[in-house]
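Single-structure report; data block below.
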Amino acid sequence: MSEAALSLRDVGFSVDGSELVTGISFDVTQGATTAILGPSGCGKTTLLRLIAGIENPGASTILLSGHDLAGTPTHKRGIGLMFQDFALFPHMDVAGNVAFGLRHAGVPKRERGARVAAILALVGLDGYESRSVENLSGGERQRVALARTLAPNPSVLMLDEPLGSLDRVLRERLLVELREILGRLAVPTIFVTHDQGEAFAIADHVVVMNEGRIVLTGTPQGIFEDPRTEFVARFLGLMVLGGKHPSAIGQLKTPSDPRRSCSCVRSKPPSWPRLDRKS
Amino acid sequence: MNRALNPSGRTATALLLAAPTLFLALFLFYPLQGILRESFERSGSNLEGLRPLIENRYYLERLWFTTWQAGVSTVLTVAVALPCAFVLSRFTFPGKSLLIAIATVPFVLPTIVVAAAFTALLGPNGLINDSLESILHLDEPPIQLMNTIWIVLAAHVFYNFALATRVIASYWANLDSRFGDAAATLGASPLQTFMTVTLPLLRSPILAAASIVFLFSFTSFGVVLVLGGPSFDTLEVVIYRETAFLFNLPVAAALAVVQILFTFVVTTSYTWAQSKSAPGGLTAQAARRPQGRAWILVAGVAVFMLAATLAPMAALAERSVHGADGYTLEFYRSLNDNVRGQVTFIAPATAIWNSLKFAAGTLVVSVPLGVVAAYGASRIARGRAAVEAFFLIPLGVSAITLGLGMLVTLDARPLNLRGESIILVIAHSLVAFPFVARAVAARLRGLDPRLRQAALTLGAHPVRVFFEVELPLLWRSIIVGSVFAFAVSMGEFGATLLISRAEWATIPVAVFRLLGQPGSLHFGQAMAMSTILMLVTSAGFLVLERMRFRDLGTF
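Protein sequence lines correspond, in order, to chains A and B. Following the working numbering, the numbering of the first sequence begins with 6 at its first residue and continues without gaps. Following the working numbering, the numbering of the second sequence begins with 906 at its first residue and continues without gaps.
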């Protein structure tokens, strides 16, 4: 069995004492796409920022092809991150954005032009080199962002809600294209989304997260057939039958988060002011 | 935001902040501490040197005069600013942004130019008196305002009313006009609505405007020194005289301490009011075109603003070319003459050259310091606002206090700078770099931190990220800050007058000396140099105003 491209071992991160992600462990295999699926605010984006080294995960272990990344600054990790809303450099044209990583990888100028043209062709933006990024449509910006992230040949590609800001028709079309590009490049990819349709369509493995923890990992097929917990089932939009879900209810474990269980327990029902009919 | 910088990132931030902090420590806090020491330690074992402060009624009277003239200036300024703010926030009309830009020019003029302009308009040889004399065939100037409190108050209003208008109008523009509509439906007359609804809602911005106007009028120096004459000394002028002519350093330092306490209280109340009057969370109202009688109000306010702003400035320009026998350029031509026994000790042209040299030096020191201060502060997660406020402290210290502090501390090794002209560059930079820091900090706050992060994930070294991604996006704010820094240095008067040696005289110092001398050549030269300074600073400001229109938002 080949070594994992990226391994997370008990990754955690907290700010001001509140834990944003806790105990995250999973592997991204070579050439495969792993989707991280979960509701907004569940820590998906934080996880990507930890892997990229933008946030410092403290004692956690993140291995890139077996090498511990602790102490390696972001710009030396060679992990591509496509930001939600893209973060294109507004003072550079399309070519300037795409060539940015190549320039810093020391690719000579003559070679860069050809590489930029090739990668723009790959994402379907032939001839867009000298366009200003300010005047692009949402779909075009998404493609430029993908091209910029792919250009320096990252050893792992991370996409943060890459289709999140697009309308549904465009999203479905780009999803197909994206799957094709990822399949062709065979780069190990982490695809973060809150949309189970996207995750199941593109991923070889799915990691379901909630409140900073992993609640389930598996193949799309496996997760769909056996969501294990009520949370996952509901999140996937499955019908939960009166607490008697097909997966044995005895295995159900609520997330062991003491804060939640405390704050959720109410000693008595809330007393709403009642309308007094007499007045 | 970088919530958890890695250790090397923290070291880098600390190094960035070290330079501006060290600069403040050496050239602001050390001198301020020197003032304290001077006033208490050197005044004898039982504070002998300070006794005149209490025994001599003169000082108490000066403190009282300083306070009440600042209070009256503030009330007058706010009274003038309110109708202007109303018109600017509620109506649109052709040429509005130009009017705003022109009306703001006085605020960026150096104080010495304001003083010279009022002398040109209302002084004994001023435009109005000259015209009246020739029309009415009088032998002496009919309007005697020079060396009265009235001309000082008028200059303070002229200098500050645009700032007060801007502060109040930007809040007023965002105030929901439905409050007023609701009051009207409840039966309140327009005046009642204004008094009971609008005015209370405008309390914070009015307080903010009043605090800053009070602060400027309280520490007013150039205007009072030139226009007020010997009988209207503010504390700032008294400190100057005690230092420069009477060499009574303990008393000067004690007065500076009083002044620092006062400015601290006022600055704090300004900051508090300012934070309350940030126009956030309010519904922006679309300004309307005036209808019917509203046109009269709008036209009246516009004409007043233009006349009040342009009259002194136009008079200054006119006087600079008005010779004994009609219009002439002789005053400009004579700037290069090094007359023997010249009161400025140097040719006026040399003063212009000095000003340019010091301004260039100020840019070299203050722009990198300001950028580094703002950039370092932006990398701090908690306490960013406090760090930014820390770098604005020099703006709350009066020019004379600053100069006095430098005089009493920077005269011994290892910082013996009194004989070096670099001390002026340092003094100017101290006042100038907060402007750079503030402009850059405002831009940095609007900058998406993910641009930097994206560049890092693409393999760019942090230093190159700064130069290739962040700096290109900051350059506009750096230019804005630089123009301010340049203008501050060109116009700085108080500290320069106190510290400067004769041969370092800048334009403001030369204008001051020329105005104090009899003779039409001296007067004309003062007018000519003030005009040059007025053109340079207002041109710089108008260019900025054009550049920043989009960033300024609604007014």
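Note that the Cβ used here is the ideal one computed from N, Cα and C, for glycine as well.
Closest by C-alpha distance to B:Val1162, out of B:Thr1306, B:Glu1045, B:Thr1090 and B:Val1129, is B:Thr1306. Sequence-ordered contacts of the stretch 97 to 130 of chain A with chain B read Phe105, Gly106, His109 and Ala110 [C-beta pairs closer than 7 Å].
Secondary-structure assignment with DSSP links A:Thr39 through a beta bridge to A:Ile195 and A:His210. Look at the stretch 1334 to 1362 of chain B: the residues with a C-beta under 8 Å from a C-beta of chain A are Asp1353, Arg1355, Leu1356, Gln1358, Ala1359, Ala1360, Leu1361 and Thr1362. In this structure, B:Ala1159 is the residue among B:Ala986, B:Thr1101 and B:Ala1159 with its C-alpha nearest to the C-alpha of B:Leu968.
For the stretch 1370 to 1402 of chain B, the set of positions with a beta-carbon nearer than 7 Å to some beta-carbon of chain A reads Val1374, Pro1377 and Leu1378 in chain order. In this structure, the straight-line span from the alpha carbon of A:Arg233 to that of A:Leu241 is close to 12 Å. Rounded to the nearest angstrom, the gap between the Cα atoms of B:Ala1390 and B:Leu1041 is 46 Å. Not a single C-beta of chain B is nearer than 9 Å to the C-beta of A:Arg148. When the Cα atoms are used, A:Ile228 and B:Asp1353 turn out to be separated by approximately 37 Å.
Within the DSSP bridge table, the entry for A:Ile84 names A:Val161 as partners. Inclusion of B:Leu1349 and B:Ile1404 in the CB contact set at 9 Å is not warranted, their separation being larger than that value. If the five residues before and after B:Asn1153 are omitted, its C-beta is found closer than 7 Å to the C-beta atoms of Glu1147, all from its own chain and listed in chain order. In this structure, A:Lys49 keeps its C-beta atom at 9 Å or more from the C-beta atom of A:Val149.
Ranked by how close their Cα comes to the Cα of B:Asp1230, the residues B:Phe945, B:Ala1444 and B:Leu1426 have B:Leu1426 in first place. The criterion of a C-beta distance shorter than 9 Å is satisfied by A:His210 and A:Ala37. Here B:Ser1303 is not near B:Gly1445, since their CB atoms are 9 Å or more apart. Annotation: the stretch 1115 to 1170 of chain B contains the following complete segments of the alpha helix (DSSP H) (minimum length 4 residues), in chain order: 1140 to 1149. C-alpha of B:Ala1256 to C-alpha of B:Leu1402: approximately 13 Å in a straight line.
The C-beta distance from B:Phe1338 to B:Asn1030 rounds to 39 Å, too long to meet the 8 Å contact threshold. According to the DSSP secondary-structure assignment, A:Thr66 is paired through a beta bridge with A:Arg14. Note on the stretch 1278 to 1345 of chain B: whole alpha helix (DSSP H) runs with a minimum of 4 residues are 1289 to 1295 and 1304 to 1314, in chain order.
Secondary structure at A:Thr224: coil, using DSSP grouped into helix, strand and coil. A:Ser30: member of the beta strand (DSSP E) spanning Ser23 to Val33, first to last residue.
Interface residue (Cβ-Cβ distance to chain B less than 9 Å): A:Pro193 is not classified as such.
The contact set of B:Gly1364 on chain A, defined by CB atoms closer than 8 Å, consists of His80, Lys81, Gly83, Gly106, His109, Ala110 and Pro157 in chain order.
The residues Thr154, Pro159 and Leu162, in chain order, have a CB closer than 6 Å to that of A:Gly85 in the same chain once the five nearest residues on each side in sequence are set aside. Of B:Leu1104, B:Arg1318, B:Ser1334 and B:Thr979, the smallest CA-CA separation from B:Leu1120 is found for B:Thr979. For B:Phe945, the uninterrupted alpha helix (DSSP H) run begins and ends at Tyr935 to Phe945, by DSSP. According to the DSSP assignment, B:Ala1229 belongs to no alpha helix (DSSP H), since it is labelled neither H nor E.
B:Val1385 and A:Arg189 have their C-alpha atoms roughly 49 Å apart.
The criterion of a C-beta distance shorter than 9 Å is not satisfied by B:Gly1301 and B:Thr1139.
Residue environment analysis places B:Met1452 among the exposed positions, since fewer than 16 neighbouring C-beta atoms fall within 10 angstroms of its C-beta. Take B:Arg1194, set aside five residues on each side of it, and the residues of its chain with a beta-carbon closer than 8 Å to its own are Phe996, Thr997 and Phe998, in chain order. Scanning chain B for C-beta atoms nearer than 9 Å to the C-beta of A:Phe94 yields Leu1356, Ala1359, Ala1360, Glu1373, Val1374, Pro1377 and Leu1378, reported in chain order.
Looking at B:Ala1294, B:Tyr1145 and B:Ser994, the one whose alpha-carbon comes closest to that of B:Leu1080 is B:Ser994.
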